[in-house]
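Structure first, then comments.
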Amino acid sequence: MTTLLALDTATEACSVALLHDGRVLSHYEVAPRLHAQRLLPMIQQLLGDAGIAASALDAIAFGRGPGAFTGVRIAIGVVQGLAFALDRPVLPVSNLAVLAQRALRERGATQVAAAIDARMDEVYWGCYRADAGEMRLLGEEAVLPPEQAEAPRGCSGDWFGAGTGWGTYAARIALKPTHMDGSLLPHAEDLLALARFAWARGEALPADQAQPVYLRDQVATPKAPSA
């Protein structure tokens, strides 16, 4: 039976989840700027609660972004360290997809517009639809001004707005959802759910391919050239 570990630190939330013997254990806390201190102890506690060693893991899933640059790097550093040490593959999962999966689990939303506040007057944006219990991407993920955040072409119906982008920019986002939760953050339990689908499809990657997806190529304002 498959044993998977999932972890996420891409937003203010820090969370881990474990699938073992068909049972899911998870721990979630909102701990801004404390991810680096909290993540490894949370993983150790979860493994202890399950009564297994890290060597029992088949693969490690992680939130690969988009999100806070430092947070995403923390997750990838820990994942690569564990995966290399254990010689296990990794499963990168979009944090926007994780938001959509959480909205499906907690709110029953089958069509979700996920938005994470990207600062710099932009949102990380992705639209998803449920397919056999898995939130699947419609169109492409992007980082853009709220006024350009629209439903993919040809997609209609009711939308649920999920994520901090809605909390900050709801009035400016082009798509108008039927319901929204602007405080929703990614949860490793939902990351784990998506990772199970990816694992079943054989999408695991070698540890050195655990790479971030920031969406934004330019992560800082460049300095003016010297005279």
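If you count by my numbering, then the sequence shown holds residues -4 to 222, one letter each, in order.
Glycine residues also receive a C-beta, built at the ideal position from the N, C-alpha and C atoms.
Because the structure is a prediction, the values reported are computed rather than measured.
- Shown here, residue 109 sits in a strand according to DSSP, grouped into three states.
- Non-local beta-carbon contacts of residue 163 in its own chain, meaning distances under 6 Å to residues more than five positions away in sequence, involve 112 in chain order.
- Between the beta-carbon of residue 53 and that of residue 105 there is about 30 Å, and that puts the pair past the 8 Å contact cut.
- Secondary structure remark: continuous alpha helix (DSSP H) runs of at least 4 residues inside the region 114 to 174, in chain order: 159 to 164.
- Contact check for residue 123 and residue 95: beta-carbon distance about 4 Å, within the 8 Å limit, so the pair qualifies.
- The beta carbon of residue 1 sits closer than 6 Å to those of 12, 56, 183, 186, 187, 190, all from its chain and outside the five residues before and after it, given in chain order.
- Residue 36 and residue 148 have their C-alpha atoms some 44 Å from each other.
- With respect to the C-alpha of residue 110, the residue from 25, 172, 45 having the closest C-alpha is 172.
- Counting of Cβ neighbours within 10 angstroms places residue 103 among the exposed residues, the total staying below 16.
- If you draw a straight line from the Cα of residue 117 to the Cα of residue 168, it is about 10 Å long.
- Classified as buried, residue 160 has 16 or more neighbouring CB atoms from the shown chains inside 10 Å of its CB.
- Collapsing the DSSP output to three states places residue 100 in a helix.
- Separation of the CB atoms of residue 15 and residue 47 is rounded to 6 Å, and the pair is thereby assigned contact status at 8 Å.
- The beta carbons of residue 88 and residue 34 sit no closer together than 8 Å.
- Looking only at 38, 65, 41, 193, the smallest Cα-Cα distance to residue 28 is reached by 65.
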